[in-house]
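**Q** With our numbering applied, the sequence shown has no gaps in its numbers, which climb one by one up to 233 at the end. Sharing a structure below in structure tokens format, with a few things to ask.
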Amino acid sequence: MPETLRWDEANGKTVPMRAKEIAGEYLYLPEPDLPPLHAAAALVEKARMGLPELPRPRAARFVRQYGLPPERAELLVATREMADCFEEIVAKGATPLAAANLLLGEVSRLLNAGGELPAADQLARLMALQEAGSISVTTAKEVLARMSARGESVDSMVKQQNFLQISDPEALAELAQEVIAANPGATADYLKGKTKALGYLMGAAMKASQGRANPESLKKILAQKLAERPKKY
1 MPETLRWDEA
11 NGKTVPMRAK
21 EIAGEYLYLP
31 EPDLPPLHAA
41 AALVEKARMG
51 LPELPRPRAA
61 RFVRQYGLPP
71 ERAELLVATR
81 EMADCFEEIV
91 AKGATPLAAA
101 NLLLGEVSRL
111 LNAGGELPAA
121 DQLARLMALQ
131 EAGSISVTTA
141 KEVLARMSAR
151 GESVDSMVKQ
161 QNFLQISDPE
171 ALAELAQEVI
181 AANPGATADY
191 LKGKTKALGY
201 LMGAAMKASQ
211 GRANPESLKK
221 ILAQKLAERP
231 KKY
């Protein structure tokens, strides 16, 4: 029911004063200098189409169109800049969920620390290099931090800093042989059944490659090279 309310300071709430039966009882006064506005339907529709997509409908579209979990979609549309960046990254070929996780994870952490949001094309390029195995997860984080702090491009950093991951089987096999030869104690332990020694050899190999060796490929090749050696009892 329409009614007039007042604020009760003592009880911290509003209380009814009197009821209103009809709108006229509010004594609305028309403004004589403002004539009635009759907007054509086409004008209203044109204005509506020019409005940006609102957060709630956009989140619902992200769920529908990209298959994102609702909670991920809602976080992405919290700012228009982040939502726009997400769609630009996906348009360049990135997997929607991976793009959302990158923006809401490591990118958001850098933004909270005072960094800048990197350009969408650079984020897409970074994701492509990581998915292709050209750079490691650790390297990707380092590159991303530089992008956020200095605005550097992915390709220039990868080239200047020699960040490309070593995935060539022959190069990894050579690295494995060198590490095995340089660590006879750990090699002997592994051949005696102490499988934890493989972790030590992996660490030595990653250090020797300055973190550039592909960990998964290196581990397989290192295990193969060790298996080729005679067991020690």
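Virtual Cβ for every residue (Gly too), placed ideally from N, Cα, C.
Three Cβ pairs or more, each shorter than 8 Å: is that satisfied between the region 88 to 102 and the region 123 to 134?
**A** Yes, the region 88 to 102 touches the region 123 to 134.
**Q** Can you tell me whether Glu152 is helix, strand or coil according to DSSP?
**A** Residue state, collapsed to three classes: coil.
**Q** Throw me the rounded Cβ distance for the Ser148 and Gly115 pair, which I believe falls under 8 Å.
**A** The pair is a contact, with the Cβ atoms about 3 Å apart (cut-off 8 Å).
**Q** Just to confirm my understanding: we take Met157, look at its own chain, exclude 5 residues before and 5 after, and list those with CB closer than 7 Å. What are they?
**A** These residues qualify, in order along the chain: Val143, Arg146 and Phe163.
**Q** Is there contact here, the region 62 to 81 with the region 34 to 46, by at least three beta-carbon pairs under 8 Å?
**A** At 8 Å Cβ cutoff, the stretches do not touch.
**Q** Enumerate in chain order the residues of its own chain whose CB-to-CB distance from Tyr233 is below 8 Å, with the five nearest sequence positions on each side excluded.
**A** At Tyr233, the pLDDT of 48 sits below 50, so the modelled position is not reliable; the number obtained from the coordinates is stated separately. Correct list, in chain order: Lys192.
**Q** In terms of alpha-carbon separation, which member of Leu29, Pro118, Gly185 and Thr95 lies closest to Ala132?
**A** For Ala132, the nearest C-alpha among the options comes from Thr95.
**Q** Rounded to the nearest angstrom, what separates Asp33 and Ala78 at their Cα positions?
**A** Cα to Cα, the separation comes out at about 41 Å.
**Q** In the DSSP assignment, find the unbroken beta strand (DSSP E) run with Glu3 in it and report its ends.
**A** Run containing Glu3: Glu3 to Asp8, per the beta strand (DSSP E) assignment.
**Q** Can you tell me whether Pro16 is helix, strand or coil according to DSSP?
**A** In the structure shown, Pro16 sits in a strand (DSSP, three-state: E or B).
**Q** Which same chain residues end up closer than 7 Å to Ala100 when comparing Cβ atoms and leaving out the 5 residues on each side of it in sequence?
**A** These residues qualify, in order along the chain: Leu68, Arg72, Leu76 and Phe86.
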